[in-house]
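The numbering of the sequence shown is our numbering, which starts it at 172 and goes up by one.
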Amino acid sequence: MTEENTQTSRFSRRQMLGALGTVGVVSAGAGYGTSAFLSDRTTFENNHITAGQLELSVTWQQLYHGASTDRRPDDYGSVGRPFVNAFPDENEDGLQSFGDRQYVDLDEYDDDDDGREQAAIDGENLEFSCEEVLNELGDPNEIVDGEPLINLDDVKPGDRGEITFGAKLCDNPGYIWLGGHVDDEFDGSALADAIQARVWYDDGNNVYEPGEPVIATGSLQEVLDQLREGELLTPEPGSVEPPENGNGVTLTEDDCEVVDGNPRCISLGLQTALEIDSSELEGLAEGDSETFDTDFGGTVTITVTAVSEDDVREFDFELNGFEVDTVIIKGGPNANVCSQEDGDGETLTASSGDGLGAPFRTDEQRFGVSAIRFCFDGEPTVVDPEDPGDEVCFEPSNTQFLGFEWELPADVGNDIQNESVKFDLKFYGEQCRHNPEPATPFGNN
172 MTEENTQTSR FSRRQMLGAL GTVGVVSAGA GYGTSAFLSD RTTFENNHIT AGQLELSVTW
232 QQLYHGASTD RRPDDYGSVG RPFVNAFPDE NEDGLQSFGD RQYVDLDEYD DDDDGREQAA
292 IDGENLEFSC EEVLNELGDP NEIVDGEPLI NLDDVKPGDR GEITFGAKLC DNPGYIWLGG
352 HVDDEFDGSA LADAIQARVW YDDGNNVYEP GEPVIATGSL QEVLDQLREG ELLTPEPGSV
412 EPPENGNGVT LTEDDCEVVD GNPRCISLGL QTALEIDSSE LEGLAEGDSE TFDTDFGGTV
472 TITVTAVSED DVREFDFELN GFEVDTVIIK GGPNANVCSQ EDGDGETLTA SSGDGLGAPF
532 RTDEQRFGVS AIRFCFDGEP TVVDPEDPGD EVCFEPSNTQ FLGFEWELPA DVGNDIQNES
592 VKFDLKFYGE QCRHNPEPAT PFGNN
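Below, the structure written as structure tokens:
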């Protein structure tokens, strides 16, 4: 690696990346909702290894769950919400495509925002052979001016976005690092603290799912502080599961508070153990019970205690094989967020709930339950660079998908108005051979 390999420029959606520097500029406008502008560039610093020794390719599909396509068409690719942009994108419509392959076949879904939202959930990022990477996707040294990766404005509280990256090495086994930081000028900004973010090992479907190992979660500031010195990635990250045993408390209505909008586990800096949609509760009568399986072997049993107008209004729950920190019950315009603390302000883990439901619409009548989310505080997956082991060396052709999602909570306060934040995300690859103890390429930025 030499200084001759150093170059910095904006990139087009059609370029293959040897490293990816995601520069985000987010600003909050005063008076009218919240505005944000996120933009990207690539940075080939001395982390680029000459072609023929090691090639690092990064592909992606970006989604944004904001205003409708009719209201803000420029926020999305030409196929509409929630698809923003992708690489490769041969049709230049916001949907990842290459030859006769694409992220999802939209012809199989309704041609509206709801149909495309479902298509986004069902889709999968494309994987590429090293022959395609080296011969068809482009040369990482041939970066030209192009459109920003993320370019959104007037983002409102409750909006969220997600990008799944596909990182792939060719030619030789190598390490892959992920780094990031908030620009020093914006360090500690209210907006960086307000935005909730998560980085995790994804399976390529642009959706965080229970059990998928999390690299970092919390506010955008906290996530990027953790990535500041770089995280060494692993091709075998395992899974993250909630604790089997804990405090065993029972949550009641006294443990709940109403939170505006549609909070999710990420909004609280937590991970999702299970989410139950209202469609999975349809047909249940008072006294009926339904048991739901989790991806890690535990179960949740919901017992309905009140029904009105065919909607579940109240329920009890029992957990088997795990405990959670918080339960979110969505219904109507807002949600009940339920957790219990000890005398020192520490959250206690719960194994059951009694008489829970969505917020009250009147003194006596609750909104119907539209979703139940069980959240836990899991430990991020971190590799020790001083003792990485053989399992962190990526073999040529293996694709590692990584998800990055952000959300501006619906209950964010006015203190973010006129605030801005600028941040970077970068990938870095280097050979494993003759390098048993890889050193971070990022330092402390």
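The C-beta atom is built at its ideal place from N, Cα and C for all residues, glycine as well.
- Contacting residues, own chain, Cβ-Cβ under 6 Å from GLU116 (five flanking each side not counted): Nothing about residue 116 can be reported from this structure: the residues present for the chain run from 172 to 616 only.
- Message: Applying the 10 Å Cβ sphere with the 16-neighbour rule, what's the burial state of ILE292?
- Response: Here residue 292 refers to the residue found at position 121 of the sequence shown. Under this definition ILE292 is an exposed residue.
- Determine, using beta carbons only, whether THR361 and ASP586 come nearer to each other than 8 Å. Sequence index remark: in the sequence shown, residue 361 carries index 190 (1-based). Sequence index remark: in the sequence shown, residue 586 carries index 415 (1-based). Reading off the sequence, residue 361 comes out as Ala, not Thr. Contact: yes.
- List the endpoints of the continuous beta strand (DSSP E) containing GLY286. Numbered from 1 along the sequence shown, position 115 holds the residue referred to as residue 286. Unbroken run through GLY286 is the alpha helix (DSSP H), 284–293; no beta strand (DSSP E).
- In chain order, each alpha helix (DSSP H) run of at least 4 residues that lies wholly inside the stretch 376–422: 391–398
- Query: Residue range of the beta strand (DSSP E) that ASP448 falls in?
  - Reply: Taking the sequence shown and counting its residues from 1, the one referred to as residue 448 is at position 277. Unbroken beta strand (DSSP E) run through ASP448: 442–448.
- Query: Name the DSSP bridge partner or partners of HIS605?
  - Reply: Numbered from 1 along the sequence shown, position 434 holds the residue referred to as residue 605. For HIS605, which the question treats as bridged, DSSP gives no partner whatsoever.
- Message: In this structure, how does DSSP classify LEU234 when only helix, strand and coil are distinguished?
- Response: Taking the sequence shown and counting its residues from 1, the one referred to as residue 234 is at position 63. Here LEU234 sits in strand by DSSP.
- Query: ARG544 and ARG369 look like a contact to me (Cβ under 8 Å); what is the Cβ gap, rounded to whole Å?
  - Reply: If you number the sequence shown from 1, residue 544 lands on position 373. If you number the sequence shown from 1, residue 369 lands on position 198. Going by Cβ atoms, the distance from ARG544 to ARG369 rounds to 14 Å, so no, they are not a contact pair.
- Task: Helix, strand or coil for ASP595, going by three-state DSSP, please let me know.
- Result: For the purposes of this step, residue 595 is taken as residue 424 along the sequence shown, with counting starting at 1. Here ASP595 sits in strand by DSSP.
- Should SER228 be labelled buried (16 or more other beta-carbon atoms within 10 Å of its own) or exposed? Locating residue 228 in the sequence shown gives position 57, counting from the first residue. Buried: at least 16 other Cβ atoms inside 10 Å.
- Count the other C-beta atoms from every protein chain shown that fall within 10 angstroms of the C-beta of THR240, then say buried if there are 16 or more, exposed otherwise. As a first step, residue 240 must be located in the sequence shown, where it is residue number 69. Its Cβ being crowded by 16 or more others within 10 Å, THR240 is buried.
- Query: Between the beta-carbon of GLY648 and the beta-carbon of THR611, is there less than 8 Å?
  - Reply: Coverage of the chain is limited to positions 172 through 616, which leaves residue 648 absent and any answer about it impossible.
- Given that a residue counts as buried once 16 or more other Cβ atoms are within 10 Å of its Cβ, and exposed if not, what is GLU494? Start at 1 with the first residue of the sequence shown, and residue 494 comes out as number 323. Burial call: buried.
- Task: Please state whether DSSP places ASN585 in a helix, a strand or coil.
- Result: Mapped onto the sequence shown, residue 585 falls at position 414. Residue state, collapsed to three classes: helix.
- Message: Just to confirm before moving on: does the CB-CB distance between VAL498 and LEU455 stay below 8 Å?
- Response: On the sequence shown, residue 498 is found 327 positions in, with the first residue counted as 1. On the sequence shown, residue 455 is found 284 positions in, with the first residue counted as 1. It is not a contact, given that the beta carbons lie outside the stated cut-off.
- Message: So, does the stretch 499–516 touch the stretch 401–416, judging by three or more C-beta pairs under 8 Å?
- Response: no
- Query: For GLY468, which of LEU452, GLY492, THR335 and ALA521 has the nearest alpha-carbon?
  - Reply: For the purposes of this step, residue 468 is identified with residue 297 of the sequence shown, where counting begins at 1. Nearest option by C-alpha distance: GLY492.
- Query: DSSP three-state call for LEU349: helix, strand or coil?
  - Reply: On the sequence shown, position 178 is the one that residue 349 refers to. In the structure shown, LEU349 sits in a strand (DSSP, three-state: E or B).
- From the DSSP output, in three-state form, read off ALA529 for me. On the sequence shown, residue 529 is found 358 positions in, with the first residue counted as 1. Three-state result, ALA529: coil.
- Message: Rounded to the nearest angstrom, what separates GLU298 and THR570 at their Cα positions?
- Response: Walking along the sequence shown from the start, residue 298 turns up at place 127. Walking along the sequence shown from the start, residue 570 turns up at place 399. Approximately 7 Å, taken between the alpha carbons.
- Item | GLU480 versus CYS564, LEU403, GLN397 and GLN536, residue with shortest Cα-Cα distance | For the purposes of this step, residue 480 is identified with residue 309 of the sequence shown, where counting begins at 1. The candidate whose alpha carbon is nearest that of GLU480 is GLN536.
- Task: Would you kindly check if the distance between the Cβ of LEU234 and the Cβ of PRO253 is under 8 Å?
- Result: Translated into positions along the sequence shown, residue 253 becomes position 82. Translated into positions along the sequence shown, residue 234 becomes position 63. Yes, the Cβ-Cβ distance between PRO253 and LEU234 is below 8 Å.
- Message: I'd like the span of the alpha helix (DSSP H) that includes ASP364, first residue to last.
- Response: Working through the sequence shown from its first residue, we reach residue 364 at position 193. That run of the alpha helix (DSSP H) goes 361–365.
- Task: Report the three-state DSSP secondary structure of CYS436 (helix, strand or coil).
- Result: Position 265 of the sequence shown, counted from the first residue, corresponds to residue 436. Residue state, collapsed to three classes: helix.
- Message: Counting C-beta neighbours from all protein chains within 10 Å, is the total for ASN416 16 or more, i.e. buried, or is it exposed?
- Response: In the sequence shown, residue 416 corresponds to position 245, counting from 1. Label assigned to ASN416: exposed.
- PRO259 to ILE347 span [Cα, whole Å]: Position 88 of the sequence shown holds residue 259. Position 176 of the sequence shown holds residue 347. One C-alpha to the other measures close to 21 Å.
- Mind pulling the beta strand (DSSP E) runs of 3 or more residues that sit fully within the stretch 466–503? 470–479, 482–491 and 497–502
- Task: Provide the residue span of the alpha helix (DSSP H) that contains THR305, from first to last.
- Result: Here residue 305 corresponds to residue number 134 of the sequence shown, with the count starting at 1. According to the sequence displayed, residue 305 carries Leu and not Thr. Run containing LEU305: 301–306, per the alpha helix (DSSP H) assignment.
- Query: Does the distance from the C-beta atom of ALA338 to that of PRO381 stay below 8 Å?
  - Reply: Here residue 338 corresponds to residue number 167 of the sequence shown, with the count starting at 1. Here residue 381 corresponds to residue number 210 of the sequence shown, with the count starting at 1. Result no, Cβ atoms of ALA338 and PRO381 do not sit closer than 8 Å.
- Item | Own chain residues within Cβ distance below 6 Å of SER568, not counting five before or after | As a first step, residue 568 is located in the sequence shown; it is residue number 397 there, counting from the start. Only CYS301 meet the Cβ criterion.
- Message: What does the alpha-carbon distance come out to for the pair THR462 and GLU608?
- Response: Sequence index remark: in the sequence shown, residue 462 carries index 291 (1-based). Sequence index remark: in the sequence shown, residue 608 carries index 437 (1-based). Rounded to whole angstroms, THR462 to GLU608 spans 47 Å at the Cα level.
- Can you give the Cα-Cα distance for GLY600 and GLY237, rounded to whole angstroms? As a working note, residue 600 is residue 429 in the sequence shown. As a working note, residue 237 is residue 66 in the sequence shown. The alpha-carbon atoms of GLY600 and GLY237 are separated by roughly 34 Å.
- Item | Coil, strand or helix - GLY340 by DSSP | One-based indexing of the sequence shown puts residue 340 at position 169. Sequence inspection shows Leu at residue 340; the Gly mentioned does not correspond to that position. If DSSP states are grouped into helix, strand and coil, LEU340 belongs with the strands.
- Message: What does the alpha-carbon distance come out to for the pair PHE572 and LEU579?
- Response: Reading the sequence shown from its first residue, position 401 is the one you call residue 572. Reading the sequence shown from its first residue, position 408 is the one you call residue 579. Approximately 24 Å between the Cα atoms of the pair.
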